[in-house]
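Per mature numbering (1 follows the signal peptide of the UniProt record, and there is no 0), the sequence shown runs over residues -18 to -1, 1 to 1222. Glycine included, every Cβ here is placed at the ideal spot set by N, Cα and C. All figures in this text were calculated on a predicted structure; none of them were measured in a lab.
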Amino acid sequence: MMWFFLLLLSAHTELVFLQDKHRLILEGKDNPCEGHVKIYHKNQWGYVGDKNWNRTTEEVVCRSTHCGKPEDNATENVLRPIKSKVWLNEVRCSGHEKHLEECEYLGPGWGISVYRKETVKKIKCSNKIKISLEGSRCAGVVQYAIDEKTPPGYFCADSWGKDEYNFLCGKLGLCLINGHERLQLKGDASNVCSGQLETEENGTWKSAENITTPASEWCQRMNCGTKNSHVGTNLTCTDNVTVVLKDNNKSTKCYGEVHINKNGKDYAVCGSTWSKKEAEVVCKELGCGRVIDHSPQSTSLQVIMDNVNCLGNESSLWHCRARHLGKDTHRCSSIAYVVCSESLNARLVDGPGKCAGRVEIQYKGRWRQVRKDSEWTDDNSNSVCKEMECGKMRKSTGPGKFSQGSGDFLSNPVKCNKDANNISACDIEIERSTAVGNNEAVGVICEDHKVIFLEGNNSCSGKVVIEHGDTSYWLSGSNNTWNSVSGKIVCQQIHCGNFVNFSTVPAEKERSIWSESYYCSDPTTRSLFECKNESSNASDRIATVTCSGNKTVSLTETCWGNVKVCFGGKCGGVCADSWTKDLSELLCKSLDCGNTVLSATKMHDKTMQWIFKSLHPTNQTTNLNQSSIVLNDTNICTQKAAYVVCSGSVKPQFDTPRDKCVGNVVVSFEDQWLPVCTNALQNKQEQDAMCEALECGQAVKMTGYFGPKPGNKPFISELQCSSTEKMSLKSCNKITAKTSTCTPAVLQCNKWKKMTVSETCSGIVVVHSNENRGQVSFDGWTNTDGDRLCKDLECGSVKSNQNYSTSEKHSVWGKTFNCTYQNNTENIWDCEMQNSSSQQLLSIDCRDKPRVTLSEKCGGAVMINEIQVCDTHWKKEYSDMICQEQNCSNALHFSTTGPQPDPATDYYHVSCDDYHHELGQCKRVKGKCAGKLVSVNCVGNVQFNTTEKCGGSIKVSYIKNTWEHVCTKELSDTFKEQLCKKLDCVGLNTTYRPSKREQLVSSIGLECTDDHMDIRHCLNSNLSCEGVKPAEVFCKGYKAHTPPKKESKPVPVVPIILGVGLFLVLVILIVIFVRIYTVKKAKNAMNDPSRMLSRKEVEFESGDYEDVTSKENEMEDLSRGRFRSEAEVMMETDARSTSSFPYDDIDEAAEAQPLTSQAATAGASRDIHEDALNKSDDGVTYEVDDPQENYDDIEASSEITQTKAEVHNSPVTTPESESAVVPPGLVPGDVDYLVPGQDG
């Protein structure tokens, strides 16, 4: 039953007791039987995709998780984390499986199926698993229940230990295993084991009354040793415990690593569960204010507390829920850390006085500068000035930059509220970081800082004005203090040349008179404020002075160029290291060149002398001519001259209407919008400069250009920016425009925003921004907004807007949209309005969904609305996307080269984002195609076969009517079994051992890993088949046989007939030759003196035979190729008669030869009978007796006789004298003869 424990805990934390290889859970909130499906594989949790998802899949999932059955109408699409792992997809189940792994098809394998969809299925099963303690709330037998009807079950204790108990109690918010009543001591910060005893009830601490349990037990429960003394509820334990903070092994005040000093020895506190609540307890306990930072730090120290979990109202960290280790300390990978607000301090340095200068903040014990782009606010500056007792910050300040220090910068933004009187009352946002690379420090001028300038016809003549804070005052023209020495010092101080004269004029009501007067007696004094000051009298006169010089500040090229300052008849530049954006904006405004400053497009003018180090205007200054300046005595600057480009001359923008802060970059250069070449934005600093100029933050990456190949036109071909300046176009010092052919730059900044819907042209509306994602609120959304979005998505007009509800709590985009009152909107982002906190979500349905198809089933040309797609922006991920969309699994990334396009035809160019899972969601544009047309082949098109039925070499087809042999280094029996089933061959024959087979040429291999489950996904064109044996499989039903002979071409019939005819003629000639030879041999035998039988003396058993009486009959026999052998001559003493044989070919005059014995003739007779022809060549059938017929009635001759027969090979007339001759010694009638037809 450990499974239920794991299942419940999976809703709270990562599982640590896993034993099964592939554990399946439903991850959600508190109910472990409700949530999205996750499966554990290779020590990593991953999701299950929803391809082929249906009710049967849910039934198996609920069964796999012991959660009953799926509830009706409870399935939802929920967003999965960005870039999360999807282990399984395309799963098909019958619904009867006990576990998801048993389903008939688990898809292509683990992590094989490409899943780009942002959403996964969330289901709810019928069981409601709950773990509780039988007994009291904090102690008892651990039991579980799966629903309200089924009796609860219990966990076997055999596999439980201290870790399991602590885990259960800590994670499920129960009491500690050591006790079921929480106690603490309050009152003595120097020893948290001494004070007033309190108990916790319902989250509130109350004084413990009526204590009956021995005090020693209470101390032990609080891990404070044993009782030392107690009076009433005041208890002192034997242990002395104090919370201390340390930095580099030294005790610190209000910041550092958290340690516990127990009985004089320091031990670290583990940061594994450290949160803001625990840090708040520490800061409060030490009297250090609020928590600023609580990020744990890495460590290898021994810890005394682990799994710390505080309510937030404990008197000490020691009394929080935790695992107190006592003497059994162990190492922890992190240590608790805290920075409290009372550790923060501020100061102003390197300024003209204590009320002006560069801001430095003491953080974590070290003084740090603050970057100017760290979102520093007026409230922040006010808090610094208040801490320095200089009033508030000057609100409308336009000061120059103070000198830059060499110390480290604070890496996190500072945020103060308006009531903060010091920096310790402010927050440091540790979750975010300031922009790295900008080394310009924040400078502050407080209200008590004073400056002087002249108000008159020009910048060097007029009434003397003193600015203090936000107010300017007249300088008193008292005769007691205002004199020529004072006038001379003023002219020198404001760099207006020589003193000419001074005077006084009646006071004007527009300003008050400054409360102090300055008496100067030393003309070498550098500042009027260094002279002796005294209280101003009630003079109604104000001081005026006339100097010889005249100051002007301008740009060398009207609205852009070097800053040029002229006075005393010569002009020069200002050192850029003291020039600020505020000064640039003020200059652009005074020159009527716009209010925004962009980066420089040219290098500074090297011929210009740098006369000034810095320039400092006042709040009252509307013209930089009235600024105070600092001369450059050495005429050397550490940087180039100040250079300003006002918004009236150069402007960048993105030309992609669908998205914000991402797209093709164009720049206004001399009143012409020019694309920027990719080569011009290769470096990160140039990318950042462009993004900040567009108020889009920092650059994230360069993306591929989207669209038809551009022609030959003017481009911004070069852009150079300095990494030492603020990352904006201000930092760029070179922009070159020329006519060229290049790839336009496509830039994505970190403030990019894109709006999409969960399906093609319909579904949940989601905003993607950097690494964040939020669903758009339905609040205030109108059909006008829907039309604008559908148009941006190339989906026509809106069909419906719906309020989408879900049980899941998702991040909601913090802005609303309203296009109703917006004119000429370029995209939906022009309609972004005020903040929204509504949890109502938007779902939209547009009218014109694009039709995405393949020219053939699971392969062929890719088409959108019957228009083919160009491959110039095509990625292999897109092939996977369309194959999945067409229910054809993944794509095969080989042999997919498409045809050449028609130069006169426009094709679609497509660009998809990572969160698109259907091709119709992607951006598309028509244009000429410079590459080839897209063609894909999907895994769903793969078929296997073998060279013979149920066995042999494996062949694969993934293109119609095309088969290839495959090779493999090793193919497991599991996949061979799978292949046999695909071939309908029952199963794998594991006993058959094939003989050596012919080596086949393969261009594609089979490479199956442990993660593969479908052999079709094992195809790999990258597997080298050289020297690798061809893949083979032998299934049951395979029968080895000789390979079929090679097919030969059919031989013509006519040549065969002619050949056979010639062969027969040759045979006839050979037969004739043999006959002639035989006849001649017979004639030679006629001269033998032995007794010979006449033809008539020999009779046969059956058949009538014609005598050969003429030459004509003899030739007829010859024509049949028939002649008698010697064995055919029958003797009168033969024991058996033979079948009838024609003897037409034997001449009537042939002399009889002596017959051999019965035995000899019988054997010869039998042989002749079996081989003799039963049918003559003329077609006449002759009777043939049974060769087994009994001839025992024929008496055997006692003497062996011999008969000679004469055979003629030509018609010869035998002389009558010869025919009548009886062989000597033979008298007619002396011997019995076989008479055909008469003898048995």
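1) Going by DSSP, name the residue or residues bridged to residue 315.
2) Does any C-beta atom of chain D lie closer than 7 angstroms to the C-beta of residue 13?
3) In whole angstroms, what separates the C-alpha of residue 955 from that of residue 970?
4) List the endpoints of the continuous alpha helix (DSSP H) containing residue 471.
5) Does the beta-carbon of residue 1187 have 16 or more other beta-carbons within 10 angstroms, so that it is buried, or is it exposed?
6) Looking at C-alpha atoms only, which residue of 921, 899, 800 is the closest neighbour of residue 876?
7) Considering only the alpha carbon of each residue, which of 702, 305, 277, 101 lies closest to residue 150?
8) Who are the near neighbours of residue 1155 in its chain, counting only those whose CB is closer than 6 angstroms to its CB and skipping five residues on each side?
9) On the criterion of 16 or more Cβ atoms from any shown chain inside 10 Å, does residue 886 qualify as buried, or is it exposed?
10) Which class does residue 688 belong to by DSSP, given the choice of helix, strand or coil?
11) Label residue 371 either buried or exposed according to how many other C-beta atoms from any shown protein chain fall within 10 Å of its C-beta, with 16 as the threshold for buried.
12) For residue 463, which three-state DSSP category applies?
13) Pull up the distance between the alpha-carbon of residue 489 and that of residue 527, whole angstroms please.
14) In the structure shown, what three-state DSSP assignment does residue 1142 receive?
15) DSSP beta-bridge partners for residue 554?
16) Give every residue of the same chain whose Cβ lies closer than 7 angstroms to the Cβ of residue 959, excluding the five residues on either side of it in the sequence, and list them in chain order.
17) Would you mind reading off the limits of the alpha helix (DSSP H) that contains residue 771?
18) With 16 other CB atoms within 10 Å as the buried threshold, where does residue 1022 fall?
19) Counting Cβ pairs, one atom from each stretch, are 3 or more of them under 8 angstroms apart for the region 444 to 456 and the region 386 to 402?
20) Between residue 272 and the rest of its own chain, which residues show a CB-CB distance below 6 angstroms, the 5 nearest in sequence each way excluded?
21) Does DSSP classify residue 916 as helix, strand or coil?
22) Since residue 732 and residue 752 are thought to touch, with beta carbons under 8 angstroms apart, how far apart are those beta carbons, to the nearest angstrom?
23) Measure the alpha-carbon distance for residue 571 versus residue 565 and round it to whole angstroms.
24) Helix, strand or coil, according to DSSP, for residue 1012 in the structure here?
25) Taking all protein chains shown into account, decide if residue 794 is buried (16 or more other Cβ within 10 angstroms of its Cβ) or exposed.
26) With a threshold of 16 other CB atoms inside 10 Å of the CB of residue 241, please say whether the residue is buried or exposed.
27) Only counting the same chain, and skipping five residues up and downstream in sequence, which positions put a Cβ closer than 6 angstroms to that of residue 44?
28) Could you tell me the alpha carbon to alpha carbon distance between residue 683 and residue 676, rounded to whole angstroms?
29) Could you tell me the distance, in whole angstroms, from the CA atom of residue 1268 to the CA atom of residue 363?
30) For the ligand FAD, is there a heavy atom less than 6 angstroms away from the beta-carbon of residue 906?
31) Specify whether the region 900 to 916 and the region 981 to 1000 touch according to this definition: at least 3 beta carbon pairs, one from each stretch, less than 8 angstroms apart.
32) List the residues that DSSP assigns as beta-bridge partners of residue 927.
33) Run through DSSP, which three-state label would residue 790 get?
34) Report the three-state DSSP secondary structure of residue 302 (helix, strand or coil).
35) So the alpha helix (DSSP H) residue 636 belongs to, where does it begin and stop?
36) Let me check understanding here. Comparing Cα to Cα, which of 724, 1004, 253 lies closest to residue 989?
Concretely, from the data shown:
1) DSSP lists no partner for residue 315.
2) Looking for chain D here will not work: only one protein chain is present.
3) 8 angstroms
4) 466 to 475
5) Here the model assigns residue 1187 a pLDDT of 42, short of 50, so the residue's position is not dependable, and the following value carries that caveat. By the 10 Å Cβ count, residue 1187 comes out buried.
6) 921
7) 305
8) Note on residue 1155: pLDDT 36, under 50, position unreliable in the model; no value is reported.
9) exposed
10) coil
11) exposed
12) coil
13) 15 angstroms
14) Because residue 1142 carries a pLDDT of 37, less than 50, the predicted location of this residue cannot be relied on, and the following value inherits that uncertainty. If DSSP states are grouped into helix, strand and coil, residue 1142 belongs with the helices.
15) 547
16) 969, 970
17) 765 to 774
18) exposed
19) no
20) 323
21) coil
22) 5 angstroms
23) 10 angstroms
24) strand
25) buried
26) buried
27) 50, 51, 52, 107
28) 15 angstroms
29) No statement about residue 1268 is possible, as the shown extent of the chain runs from -18 to 1222 and does not include it.
30) Of ligands this structure carries none, so the ligand FAD is not represented either.
31) no
32) 937
33) coil
34) coil
35) Taken as a continuous stretch (DSSP letters only), residue 636 belongs to no alpha helix (DSSP H), being part of the beta strand (DSSP E) at 633 to 636.
36) 1004
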